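Asker: Going line by line, the protein sequences match chains L and V.
So for the first sequence, our numbering puts the first residue at 1; every next one is plus one.
So for the second sequence, our numbering puts the first residue at 293; every next one is plus one.
Dumping the structure here so I can ask a few things about it.
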Amino acid sequence: MIWSWHNILSLSRTDSILAALLRLCALLSAAIVILILLFLISESWPVLQHVPLSRFISDASWHPAQGLYNIAPMLGATLLSSLGAVLLATPLGIASALFCHYYAPTALAIWHRRTIALLAGIPSVVYGFWGLTTLAPLIGRLHPPGVSLLTGIVVLTMMILPTVALTVDAALAGVPAAYLRGAAALGLTRWSMINGVVLPAARSGIASGIMLAAVRAIGETMAILMVAGNVVQYPDSLFASVRTLTANIALEMAYAMGDHRAALFVTGLALLAMVLLLVGFAEFFKQDAAHV
Amino acid sequence: MKKLVTLVLLLVIVGATWLFIPKKAEQASNKPGMERLVLTGSSTVAPLAAEIGRRFEALHSNVRVDVQTGGSSRGINDVRSGLADIGMASRALKENESGLFSFTIATDGIGMIVNRANPVTALDRQQIIDIYTGKITDWQAVGGNADPITVVNKAEGHSTLELFLHHFDLQNSAVKAHVIIGDNQQGIKTVAGNPDAIGYVSIGSAEYEAQHDAAIKLLPLDGVAASVENVQNGAFPLARPLNLVTRSEPAGIIKAFIEFARSRQVDDLVMAQYFVPVAH
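Pasting the structure below:
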């Protein structure tokens with residue numbers, strides 16, 4: 001005990017080098033976020049100077065070539081598609097992790113986990129390509145045009161499913177074995193053990209997994225660009241085509257100049273604000289949960 | 293302690309590599325007599341320019357041709373600001389872009405495409421306008437099956453969109469699209485996968501894909517069949533020049549490249565991309 005106190009209070013030479021190094025790395029990673037924010041603001045400044053922020057949600061439409069900059073439908077599309085994907089992927093991911101931990105034979109569990117990990121490694125453009133050439137025509141047969149909010153949600157679900165499954169898996173693995181033994185000693189069935197002991201104990205891990213997945217869904221660009229149809233509108237049904245904020249940037253950035261380009265950076269700002277809000281909410285609820 | 297030493301060593305190695313790599317790159321580009329030619333602009337022209345560049349490099353061992361895409365307007369902007377030596381534009385220069393020099397290296401047409409399963413074989417000008425503005429929403433109204441039409445439009449900024457709107461005298465905000473696409477390939481894949489879709493893409497790539505089993509077909513425009521042949525003889529109404537743009541009267545290596553790109557020596561490359569070579 002005394003030895004460790006000594007070590008913390010008066011740093012040895014190697015420690016002080018390490019401390020300096022760590023400080024530098026920490027500063028660097030924090031600075032990157034700030035720099036990105038500053039960059040976004042400075043790039044969108046030209047248009048913000050003569051177009052008030054309110055016009056980005058009150059203009060008639062998004063036609064930057066004609067000076068109309070309404071990004072609200074795209075905000076809505078991003079929210080809806082991510083929400084849909086999270087709603088679908090969460091039960092699937094949790095079920096997959098529970099199966100892996102408490103129901104599958106060891107050999108199957110190992111292979112199942114590997115398959116899920118593989119799913120996480122597939123590049124998003126491959127999902128997009130598959131969605132465009134296979135899924136979109138299928139959904140188009142139900143209701144044209146096929147590329148739609150629903151197609152986007154399905155593809156996003158597949159992309160974030162491994163994130164949910166793997167993080168929940170890790171959270172379940174972190175539940176102390178003593179809890180399980182206690183539950184077994186009480187004679188609980190496997191399901192009541194999961195429902196009454198494991199899930200509450202792993203709650204915060206599961207929540208952060210879902211949060212990670214949600215952020216990934218919001219940030220996903222290439223796949224959603226290929227399958228969601230990209231029409232700027234509030235969807236009137238699951239089969240309507242939508243454009244997300246990320247798709248808007250990817251679709252138009254290469255060709256944009258002047259105010260149009262700056263307006264795309266405003267889109268980026270909106271996206272960042274959305275993610276920050278989401279993370280903020282997550283922190284808020286986490287603290288709340290910690291006090292309970 | 294050992295770990296710390298390893299860490300520091302690792303950092304030193306990374307630092308050393310970092311110091312060395314740029315030096316090597318500098319040496320390569322600073323080789324005596326080495327010249328770099330930067331082309332930016334239209335994504336339609338870029339693949340052709342890259343092929344021409346490759347052949348040009350083979351003939352001139354001291355030149356490196358660097359082709360980057362980003363749209364016609366971007367190409368013209370980059371030439372103006374000096375970021376690029378040559379801009380690529382898949383349209384003629386606009387009035388506010390005077391003062392630049394443009395050289396046509398090929399011509400391309402824009403054709404309406406529908407799914408191969410669609411029984412409609414021709415649409416007149418007014419029908420296309422009505423479809424794109426949402427006045428006609430069912431194929432039945434133009435002699436097809438009783439299915440709702442899926443209108444495919446291009447994203448803002450693409451010169452194909454500008455040309456299309458200009459030809460049909462439309463405002464983009466008046467277009468009621470169901471799907472908005474980025475490049476030609478995405479457009480062809482979208483129409484091929486949806487039996488009720490209609491879109492417009494470069495005739496060059498559409499004809500190529502249609503011959504390679506994509507389920508699309510080109511519709512005639514104003515009674516003229518959409519084919520490379522009709523673009524070549526000037527009969528097709530919706531055609532555009534593919535231009536190389538420079539800031540000043542080309543000289544030196546830029547002049548050599550432009551002359552090469554307009555010569556008979558690259559006709560086969562132009563035709564391989566299903567564009568139409570210039571008259572020599």
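Just so it is clear, CB atoms sit at the ideal spot from N, CA and C, and this is done for glycine as well.
The model shown is predicted, which means the values in this text are computed figures rather than measured ones.
1. Hey, out of V:Ile-441, V:Ala-414 and V:His-458, whose CA is closest to Leu-510 (chain V)'s CA?
2. What span of residues does the alpha helix (DSSP H) with Gln-477 (chain V) cover, start to end?
3. Shortest alpha-carbon distance to Phe-567 (chain V) belongs to which of V:Ile-402, V:Gly-391 and V:Ser-365?
4. Alpha carbon to alpha carbon, how far is Phe-460 (chain V) from Ser-390 (chain V)? Give it in angstroms, no decimals.
5. Against chain L, with Cβ distances strictly below 7 Å, would His-470 (chain V) count as a contact?
6. Helix, strand or coil, according to DSSP, for Phe-56 (chain L) in the structure here?
7. Quick one, are the C-beta atoms of Thr-90 (chain L) and Ile-210 (chain L) less than 7 Å apart?
8. Check the Cβ of Gly-140 (chain L) against every Cβ in chain V and list those closer than 9 Å, keeping chain order.
9. Under 9 Å, CB to CB, which of the residues in the segment 50–73 of chain L have a partner in chain V?
10. Measure the alpha-carbon distance for Gln-233 (chain L) versus Ser-465 (chain V) and round it to whole angstroms.
11. In this structure, does DSSP put Gly-325 (chain V) in helix, strand or coil?
12. Please go through the same chain and pick out, in chain order, the residues whose beta-carbon is closer than 6 Å to the beta-carbon of Gln-524 (chain V), but skip the five residues on each side of it.
13. Select from the segment 111–142 of chain L all residues with a C-beta closer than 8 Å to any C-beta belonging to chain V, and list them in chain order.
14. Answer yes or no: does any C-beta atom of chain V fall closer than 7 Å to that of Gly-146 (chain L)?
15. State yes or no: is the C-beta of Pro-533 (chain V) within less than 7 Å of the C-beta of Thr-429 (chain V)?
16. Beta strand (DSSP E) containing Pro-533 (chain V): first to last residue?
17. Using a beta-carbon distance cut-off of less than 8 Å, what residues from the segment 158–189 of chain L approach chain A?
18. Is it true that the CB of Asn-437 (chain V) sits closer than 7 Å to the CB of Ala-254 (chain V)?
19. Rounded C-beta distance between Ile-378 (chain V) and Leu-530 (chain V)? I'm assuming under 8 Å.
20. Check the Cβ-Cβ distances between Gly-333 (chain V) and every residue of chain L, and say whether any is below 7 Å.
21. Measure the C-alpha to C-alpha separation of Leu-166 (chain L) and Ile-94 (chain L) and round it to an integer number of angstroms.
22. Classify Glu-283 (chain L): buried if its beta carbon has 16 or more other beta carbons within 10 angstroms, exposed otherwise.
23. Interface residues of chain V around Val-86 (chain L) at Cβ under 9 Å?
24. Report the option in L:Tyr-69, L:Ile-34, L:Thr-14 and L:Ala-60 whose CA atom is closest to the CA atom of Leu-48 (chain L).
25. Pair every Cβ in the segment 178–196 of chain L with every Cβ in the segment 145–160 of chain L, then say whether three or more of these pairs are closer than 8 Å.
26. Out of L:Ala-97, L:Thr-267 and L:Gly-140, which one is the CA nearest neighbour of Gly-205 (chain L)?
27. I'd like the ranges of any beta strand (DSSP E) spanning at least 3 consecutive residues and lying wholly in the segment 456–524 of chain V.
28. Please work out which residues of its chain come closer than 6 Å, Cβ to Cβ, to Met-326 (chain V), disregarding the five sequence neighbours upstream and downstream, and give them in chain order.
29. Report the option in L:Leu-172, L:Val-175 and L:Glu-220 whose CA atom is closest to the CA atom of Pro-123 (chain L).
30. Within the same chain, show all residues whose beta-carbon is closer than 6 Å to that of Glu-43 (chain L), passing over the 5 residues directly before and after it, in chain order.
31. Quick one: does Gly-403 (chain V) have its CB under 7 Å from some CB of chain L?
32. Counting contacts by CB-CB distance shorter than 7 Å, is Lys-481 (chain V) in contact with chain L?
33. I'd like to know whether the C-beta atoms of Ile-508 (chain V) and Ile-480 (chain V) end up nearer to each other than 7 Å.
34. Taking just the CA atoms, how far does Leu-38 (chain L) sit from Leu-83 (chain L)?
35. Quick check: the Cα distance between Arg-372 (chain V) and Ala-240 (chain L), rounded to an integer number of angstroms?
36. Determine the DSSP secondary structure at Phe-348 (chain V), reduced to helix, strand or coil.
Answerer: Well, looking at it:
1. The candidate whose alpha carbon is nearest that of Leu-510 (chain V) is V:Ala-414.
2. Note, Gln-477 (chain V): alpha helix (DSSP H), 476–484.
3. Closest by alpha carbon: V:Ile-402.
4. About 25 Å.
5. True, the Cβ-Cβ gap to chain L drops below 7 Å.
6. In the structure shown, Phe-56 (chain L) falls within a helical segment according to DSSP collapsed to helix, strand and coil.
7. Cβ atoms of Thr-90 (chain L) and Ile-210 (chain L): closer than 7 Å.
8. Those within 9 Å of Gly-140 (chain L) in chain V are Thr-442, Gly-485, Asn-486, Pro-487, Asp-488 and Ala-489.
9. Against chain V - using a Cβ distance shorter than 9 Å - the residues of the segment 50–73 of chain L are Ala-60, Ser-61, Trp-62, His-63, Pro-64, Ala-65, Gln-66 and Leu-68.
10. About 12 Å.
11. In this structure, Gly-325 (chain V) counts as coil in the three-state DSSP scheme.
12. Cβ-Cβ distances below 6 Å link Gln-524 (chain V) to Val-568 in the same chain, with the five nearest sequence neighbours on each side left out; the list follows chain order.
13. Contact residues of the segment 111–142 of chain L toward chain V are Leu-132, Thr-133, Ala-136, Pro-137 and Gly-140 (C-beta to C-beta distance below 8 Å).
14. With 7 Å as the cut-off, Gly-146 (chain L) counts as an interface residue toward chain V.
15. In this structure, the beta-carbon distance from Pro-533 (chain V) to Thr-429 (chain V) does not fall below 7 Å.
16. It spans 531–538 - the beta strand (DSSP E) in which Pro-533 (chain V) sits, taken as one unbroken run.
17. Given the protein chain composition of this structure (L and V), no chain A is represented.
18. No answer is possible for residue 254 (chain V): the residues shown for chain V start at 293 and end at 572.
19. Not confirmed; about 26 Å, so no contact.
20. Judged by the 7 Å Cβ criterion, Gly-333 (chain V) is not in contact with chain L.
21. Just so you know, the alpha carbons of Leu-166 (chain L) and Ile-94 (chain L) end up roughly 9 Å apart.
22. Within a 10 Å sphere around the beta-carbon of Glu-283 (chain L) sit fewer than 16 other beta-carbons, which makes this residue exposed.
23. Within chain V, no residue has its beta carbon less than 9 Å from that of Val-86 (chain L); the closest one is some 25 Å off.
24. Scanning L:Tyr-69, L:Ile-34, L:Thr-14 and L:Ala-60 for the CA closest to the CA of Leu-48 (chain L) turns up L:Tyr-69.
25. At 8 Å Cβ cutoff, the stretches do not touch.
26. Closest by alpha carbon: L:Ala-97.
27. Complete beta strand (DSSP E) runs here, min 3: 471–473, 489–494 and 508–511.
28. Taken in chain order, the residues that qualify are Asn-354.
29. Among L:Leu-172, L:Val-175 and L:Glu-220, the Cα nearest to that of Pro-123 (chain L) belongs to L:Glu-220.
30. Take Glu-43 (chain L), set aside five residues on each side of it, and the residues of its chain with a beta-carbon closer than 6 Å to its own are Phe-265, in chain order.
31. Gly-403 (chain V) does not count as touching chain L.
32. Yes - at least one Cβ of chain L is within 7 Å of the one on Lys-481 (chain V).
33. Yes, the Cβ-Cβ distance between Ile-508 (chain V) and Ile-480 (chain V) is below 7 Å.
34. Cα to Cα, Leu-83 (chain L) sits roughly 29 Å from Leu-38 (chain L).
35. Those two C-alpha atoms are separated by around 41 Å.
36. Look at Phe-348 (chain V) here: in three-state DSSP terms it is helix.
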